[in-house]
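In our numbering, the protein residues as written are 169 to 406. For glycine and all other residues, C-beta sits at the position ideal for the given N, C-alpha and C.
What follows is the structure, encoded as structure tokens:
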């Protein structure tokens with residue numbers, strides 16, 4: 169059996185250390201991203217770190233087999249397209265990143281198995297299962313931690329529904345009030361909502377805001393003649 173001929177204890181122990189380090193360090197990186205409520209959170213970062221460690225370890229172990237290395241490079245490229253196919257964007261939400269990262273790791277498991285590194289393939293499988301199951305409680309715990317809004321990076325928009333006649337004045341007033349609150353505007357978009365109403369949307373330069381300050385601006389604008397509604401929204405799903 170090729171497995172018995174290819175298994176070596178000390179290189180396997182090196183693999184254990186490498187996978188463990190990737191798992192721990194990926195957890196640290198992913199925990200910070202999870203706290204910031206980023207799309208690529210804890211489990212995604214762990215899976216990518218472990219999968220990358222597996223491909224590098226595999227390349228080092230079969231460095232003398234040119235054709236095998238070439239085939240593995242094709243697998244890595246191909247799995248990237250396959251992973252992209254399972255990632256879906258629904259509005260401001262992105263789904264499928266964990267599935268794509270799992271496919272990346274599954275490709276590494278298959279490559280290890282195909283080269284006779286069965287023990288390494290089994291070890292990687294355990295790490296993938298741990299990343300997808302054992303880390304769920306940690307993800308839930310991090311998600312329950314209150315976030316300091318002043319330190320949360322996001323894209324913020326302030327929206328004003330105004331009559332068409334009042335639009336020029338409200339647009340200028342919106343930018344003016346935001347800048348007075350030290351929130352400069354990077355972009356202003358005007359969208360027709362009906363024959364008589366338009367929506368003015370200002371995108372802020374800032375990636376962190378004080379909700380009370382923004383709320384004060386929208387409350388002021390909502391009281392102006394010709395304005396039917398003023399609101400703001402922040403997205404941390406980038």
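Same chain, Cβ closer than 7 Å to residue i, neighbours up to 5 away in sequence not counted
i           : result
residue 259 : Any answer about residue 259 is weak, because its pLDDT of 46 lies below 50 and its placement is not dependable; what the coordinates show is given next. None.
residue 406 : Since pLDDT at residue 406 reaches only 45, below the 50 mark, its modelled position is unreliable, and no value is offered.
residue 214 : 191, 194, 195, 198, 299 and 303
residue 209 : 198, 201, 202 and 307
Residue i, buried or exposed, once every other Cβ within 10 Å from all chains shown has been counted against 16
i           : result
residue 350 : exposed
residue 340 : exposed
residue 225 : buried
residue 288 : buried
residue 395 : buried
residue 238 : exposed
residue 187 : buried
residue 412 : Only positions 169 to 406 of the chain appear in the structure, and residue 412 is not among them; the question remains open.
residue 373 : exposed
Proximity test, Cβ basis, 8 Å: residue i and chain D
i           : result
residue 328 : Protein chain content of the structure displayed is limited to a single chain, and chain D is not contained in it.
Which residues DSSP lists as bridging residue i, in chain order
i           : result
residue 263 : 256
residue 402 : 324
residue 476 : With the chain running from 169 to 406 in the structure shown, residue 476 is simply not present.
Residue i - containing beta strand (DSSP E), residue span
i           : result
residue 355 : 353–360
residue 293 : It is not in any beta strand (DSSP E) - residue 293 instead sits in the alpha helix (DSSP H) that spans 286–297.
residue 326 : 323–331
residue 368 : 365–372
Span of the alpha helix (DSSP H), counted from its first residue to its last, around residue i
i           : result
residue 386 : 379–390
residue 183 : 177–203
residue 222 : 210–229
residue 310 : 304–311
Same chain, Cβ closer than 6 Å to residue i, five either side skipped, listed in chain order
i           : result
residue 382 : 400
residue 355 : 371
residue 326 : 370 and 400
For this session: Check whether the stretch 359–370 touches the stretch 329–340, counting contact only when three or more Cβ pairs, one atom from each stretch, lie closer than 8 Å.
Result: Enough Cβ pairs lie closer than 8 Å, so yes.
Problem set entry | Cβ pair count under 8 Å reaching 3, the stretch 276–286 against the stretch 303–311 | Output reads no: the stretch 303–311 does not touch the stretch 276–286.
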